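Numbering (this note's numbering), first residue to last: 4 to 351.
Note that the Cβ used here is the ideal one computed from N, Cα and C, for glycine as well.
Remember, predicted model here, so these are calculated numbers, not experimental data.
Right, one structure below, let's go through it.
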Ligand code: KG4
Ligand code: ZN
């Protein structure tokens, strides 16, 4: 079996992976920098790029050594995230991929990080359990930087039905987590706290829920969160009880889940796709996963959701996206540049 080497350094995690072109993940490794950024309550770009520089090459060496990979015989090529992301972080991955491609004399390809997320539901680390990729599909991308609802007719054709007008869903959760004192990284902490709380305890707004389009807005929800926490601090004490934090998280998350799920359901009813997917870091959220599977039952449309380890940033999804493109005859050349944003043609 041949593999593609995936490299992901678009944000703060350094990740490498070996994946077959059918989506079988031989190995996927990630070094997460959360601890390094905790004292700052968020990611420090300069620290992230320095960490990538220290970690990436040793991680690739060890991965290939552990699986006794002979680069010339066992690798189809190298796939690297070159957009969108933090420029200083992307540069490390892109330069490494170019150098290895020359040294090993195999092709490399720069891919869009979001295309990786889009393919992540079809990854498996169980050989023989690779899923067929069904088209057309509706895909909800919910991550720290993006909230996009897509209609995908075939591989590479990403029609944006709607997206957030301001903040991404993940960012709204991360900010709220800091606000109620749970800290960084916010999404998983809000998720755990919400499981213990009452979703009806507080009434948060559901922005753009009734608008007849597929766009989202989370800045209003974020502002309502700030107002609620400030007014509670005046009434209660500066430090909240665990019970109060749990109720706040459950209610806040419910507002976000309501908007995300209702708009997705509307798209399912309009486009009647063969399947729908929910991808990106926030797709790890238990409340959102539960709601989406209820929608799948109601509509009879198959939900394909990534395994938890493939929801947040990883290099397996990047390898898989690159494998698709290399199989279509595409490859990058040395002019490939890292880009902070997606290219105009990536989405239609
Ligand atoms: O896709 P991702 O790893 O990185 C980006 O490309 O942005 O997504 C990170 C986002 C963060 O906002 C994080 O708080 C959120 O995903 N996240 C979660 C959960 N796990 C990660 N949000 C809600 N519940 C979770 N369990
Ligand atoms: Zn991501």
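Would you kindly check if the distance between the Cβ of residue j and the Cβ of residue i is under 8 Å?
i: residue 324; j: residue 82; result: yes
i: residue 290; j: residue 248; result: no
i: residue 268; j: residue 110; result: no
i: residue 240; j: residue 22; result: no
i: residue 119; j: residue 12; result: no
i: residue 201; j: residue 189; result: no
i: residue 141; j: residue 150; result: no
i: residue 28; j: residue 102; result: no
i: residue 216; j: residue 165; result: yes
i: residue 284; j: residue 173; result: yes
i: residue 5; j: residue 78; result: yes
i: residue 294; j: residue 86; result: no
i: residue 155; j: residue 99; result: no
i: residue 14; j: residue 46; result: yes
i: residue 91; j: residue 52; result: yes
i: residue 353; j: residue 186; result: Outside the displayed span of the chain (4 to 351) sits residue 353, for which this structure offers no information.
i: residue 157; j: residue 26; result: no
Cutting at 6 Å between CB atoms, please list the residues of its own chain near residue i, excluding the five before and the five after it.
i: residue 307; result: 124, 278, 280
i: residue 74; result: 107
i: residue 17; result: 34, 55, 58, 59
Sort out for me which residues DSSP pairs residue i with in a bridge.
i: residue 161; result: 155
i: residue 80; result: 7
i: residue 150; result: 145
i: residue 307; result: 280
i: residue 27; result: 127
i: residue 22; result: 7, 28
i: residue 33; result: 18
i: residue 167; result: 219
Using C-beta distances below 7 Å, list every residue in its chain close to residue i, excluding the 5 sequence neighbours before and after it, in chain order.
i: residue 208; result: 223, 224, 227, 258
i: residue 199; result: 249
i: residue 66; result: 19, 21, 30, 32
i: residue 263; result: 143, 145, 172, 291
i: residue 317; result: 11, 18, 20, 31, 33
i: residue 304; result: 271, 276, 278, 279
i: residue 346; result: 86
Leaving out five residues before and five after residue i in sequence, what residues of the same chain have Cβ atoms less than 8 Å from its Cβ?
i: residue 163; result: 151, 152, 153, 350, 351
i: residue 169; result: 220, 221, 222
i: residue 1; result: Given a span of 4 to 351 for the chain in the structure shown, any question on residue 1 remains unanswerable.
i: residue 205; result: 231, 250, 251, 254, 255
**Asked** When a residue counts only if its C-beta is closer than 5 Å to some heavy atom of the ligand ZN, which residues count, in chain order?
**Response** 146, 316
**Any alpha helix (DSSP H) of 4 or more consecutive residues that is wholly inside the segment 265 to 299** = none
**Item:** 3-residue-minimum beta strand (DSSP E) runs that sit fully inside the segment 51 to 121, ordered along the chain
**Value:** 78 to 86, 111 to 115
**Request:** Identify every run of the alpha helix (DSSP H) within the segment 199 to 246, keeping only runs that are complete inside it and at least 4 residues long; order them along the chain.
**Result:** 222 to 238
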